[in-house]
Amino acid sequence: MQVNRTKHAPTGGQQGTKRCPKCRTVRPLEDFYMRRGGRPSSYCRPCTRTATKASYARRRRDAATLERMRAVDRTRKRRYRSLRSSGPTGGDAA
Ligand SMILES: [Zn+2]
17 MQVNRTKHAP
27 TGGQQGTKRC
37 PKCRTVRPLE
47 DFYMRRGGRP
57 SSYCRPCTRT
67 ATKASYARRR
77 RDAATLERMR
87 AVDRTRKRRY
97 RSLRSSGPTG
107 GDAA
């Protein structure tokens, strides 16, 4: 790894574009998801989406993981519902 002195220059290529190592396409930075800190993710959006979908499908095949994911989903839904019901309009005043 070599250190780049100019902070905002993306490694290799012109500013504003970035090469996705997966599909080997040079794309504008808008085609990359931004991480926290304003740094683009290494793979372009389509590749990230594909990878996410693949890993999701892979994890779902494992029964234990699937159960855990279901539990998380259930908790999230419950919290969402309680948030909505305890809003300024509607819900019982405690
Ligand atoms: Zn890509």
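Residues 17 to 110 (our numbering) are what the sequence shown spells out, left to right.
Where a beta carbon is used, it is the ideal one built from N, C-alpha and C, also for glycine.
Report the three-state DSSP secondary structure of residue i (helix, strand or coil).
i: Ser58; result: strand
i: Cys63; result: helix
i: Lys93; result: helix
i: Ser102; result: coil
i: Arg74; result: helix
Below 9 Å between beta carbons: does that hold for residue i and residue j?
i: Arg43; j: Arg52; result: no
i: Pro37; j: Tyr72; result: no
i: Arg76; j: Met85; result: yes
Report all residues from its chain with a CB closer than 8 Å to the CB of residue i; omit the five preceding and five following residues, and keep chain order.
i: Tyr49; result: Pro56, Ser57, Arg61, Thr64
i: Thr81; result: Arg75
Looking only at its chain, what residues have a beta carbon closer than 7 Å to the beta carbon of residue i, apart from the 5 residues adjacent to it on each side?
i: Ala70; result: none
i: Gly32; result: Pro44, Leu45
Taking the alpha-carbon positions, what's the residue i to residue j distance?
i: Asp47; j: Gly54; result: 14 Å
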